[in-house]
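Heads up: the sequence shown begins at 26 in the working numbering, then just goes up one per residue. Positions of the beta carbon are idealized from the N, C-alpha and C atoms, including for glycine.
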Amino acid sequence: FYVGHRNSQEISSWRMDPDTGGLTQINKVPVEAAPTFLSTDRNGRFLLSAYYQGAHVAVHRTGDDGSLNDPPIVWLETAPAAHAIQTDRSNKFAFVPHIARMNDSVMQPPGDVLGPNTIFQFRFDDKTGDLTPNSPLKVEQKEFLGPRHFCFHPDLDVVYFSDEQGGSVTAYRLDPSAGTLSAFQTITTLPEGFSGRNTCSQIQISPSGRFLYVPNRGHNSIAGFSVDAASGRLTGIGQVETEAVPSAFSLDPEGAFLFAAGSESDRLASYRVDAATGELTPLETYPVGKRPMGVLIANLGG
């Protein structure tokens with residue numbers, strides 16, 4: 026797997042022992058800005074990265090041993106507040122969301138520096154790693170939503186974005202031939218009557234495609250949704266209290282458990298996922314060190 030080092034402006038690659046979970050560094054490469062988000066393409070041949078302050082995206086080729094080639098194949102300007110980049114299930118298209126307000130910490134009053142509030146659309150060449158602008162290049166937002174992170178439905182041509190400033194999830198139809206997005210639903214992540222400061226962080230859909238989850242930073246909860254199997258539309262199933270400022274979370278590979286990290290509590294909270302309803306039952310909490318910003322769950326033992 027790969028790690029972005031913001032302070033030193035580097036990306037490192039690591040090998041994990043499948044029996045012990047022990048880590049061995051493979052290599053490390055410099056980048057031109059602080060990496061914010063990393064993902065591999067669907068074939069694992071390329072590493073894609075987004076740069077929030079750097080206003081760019083990049084693509085590195087990966088070696089057979091998982092090492093990163095230097096320099097990157099692509100170093101492409103988008104806009105400030107680029108928050109994520111991933112390829113779709115066909116590995117032919119990539120998307121880069123940009124939030125609506127810069128440096129929008131819930132621990133401080135809202136700032137006055139606005140972000141692009143848009144999603145960039147690209148074509149991706151899975152043979153060369155090249156990114157080229159799609160048409161249209163941008164999916165402009167009709168409201169002050171701030172698309173931040175996103176996930177793909179495992180079966181439908183539907184993509185879900187967490188809206189950092191909107192406190193919501195927006196669902197998009199993905200045209201599988203053109204690689205373009207069109208919104209068809211925006212639904213709140215917050216309970217009725219809540220008016221406090223809040224921003225959404227990450228987003229994940231269960232492996233079955235039946236449930237979707239988004240953390241609320243400020244309300245300090247995990248919002249859950251059921252997913253209609255035919256249309257991909259979402260229905261809220263409520264919010265469960267979690268750690269302070271949950272900036273990172275993850276479902277386990279089977280979708281049976283959820284783990285959420287509180288960047289202001291320095292703890293990791295665990296939940297059991299009800300297989301029938303998607304509701305979360307709190308289990309244990311664990312100390313994990315200062316300001317956890319990522320949760321990665323891996324199967325061990327082969």
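Secondary structure at N94: coil, using DSSP grouped into helix, strand and coil. Within the same chain, H123, K163, V164, E165, Q166 come within 7 angstroms of T143 by CB-CB distance, once the 5 residues on both sides are set aside. If only uninterrupted beta strand (DSSP E) runs of at least 3 residues are considered, those enclosed by the segment 36 to 100 are 48 to 55, 62 to 65, 71 to 76, 81 to 86. Annotation for T112: S64, D66, R67, L73, F118, A119, F149, D151 place their beta carbon closer than 8 angstroms to its own, counting only its chain and skipping 5 residues before and after. In the DSSP assignment, F219 falls outside any beta strand (DSSP E) and carries neither an H nor an E. Inter-residue distance for G91 and E268 is about 34 angstroms (C-alpha atoms, whole angstroms). D188 sits in a strand when the DSSP states are folded into three classes. In the three-state reduction of the DSSP assignment, T302 falls in the coil class. The continuous beta strand (DSSP E) containing Q264 extends over residues 259 to 266. The straight-line gap separating the alpha-carbon atoms of E266 and T302 is approximately 17 angstroms. By a beta-carbon distance limit of 8 angstroms, C225 contacts S187. Their separation comes to about 4 angstroms. Counting C-beta pairs closer than 8 angstroms gives three or more between the segment 252 to 267 and the segment 293 to 307, which meets the contact rule. K163 sits in a strand when the DSSP states are folded into three classes. If you draw a 10 Å sphere on the C-beta of F175, you find 16 or more other C-beta atoms in it, and that means buried.
The Cβ atoms of I51 and S37 lie closer than 9 angstroms to each other.
A contact is defined here as three or more CB-CB pairs under 8 angstroms, and the segment 123 to 137 fails this definition with respect to the segment 193 to 202. In this structure the segment 221 to 241 does not lie against the segment 206 to 213, because fewer than three pairs of beta carbons, one per stretch, are closer than 8 angstroms.
Listed in chain order, the non-local C-beta contacts of F219 below 8 angstroms within the same chain comprise H244, local neighbours out to five positions each way being set aside. Under the criterion of beta carbons closer than 8 angstroms, F169 and Q190 qualify as touching, at roughly 6 angstroms. In this structure G314 touches D291 by the C-beta definition: roughly 6 angstroms separates them, less than 8 angstroms.
Annotated three-state conformation of S272 is strand, per DSSP.
Under the DSSP assignment, F147 falls in the beta strand (DSSP E) whose first and last residues are 143 to 149.
Cβ neighbours of I322 within its own chain (closer than 6 angstroms, five residues either side excluded): S275, D277.
Beyond the five residues adjoining it in sequence on each side, L181 comes within less than 6 angstroms, by CB distance, of G257 in the same chain, given in chain order. Taking the C-beta atoms as reference points, V121 is found nearer than 9 angstroms to T103. Just so you know, the alpha carbons of P96 and A109 end up roughly 20 angstroms apart.
For S251, the three-state secondary structure derived from DSSP is strand. Around V183, the same chain offers F177, A196, Y197, R198, L199, G257 as residues with beta carbons nearer than 8 angstroms, after the five sequence neighbours per side are excluded. I124: not part of any beta strand (DSSP E); DSSP gives it neither H nor E. Across the structure, N241 and V298 are spaced so that their CA atoms are roughly 18 angstroms apart. Of all alpha-carbon atoms in W39, N116, G192, S193, the one lying nearest the alpha-carbon of L156 is that of N116.
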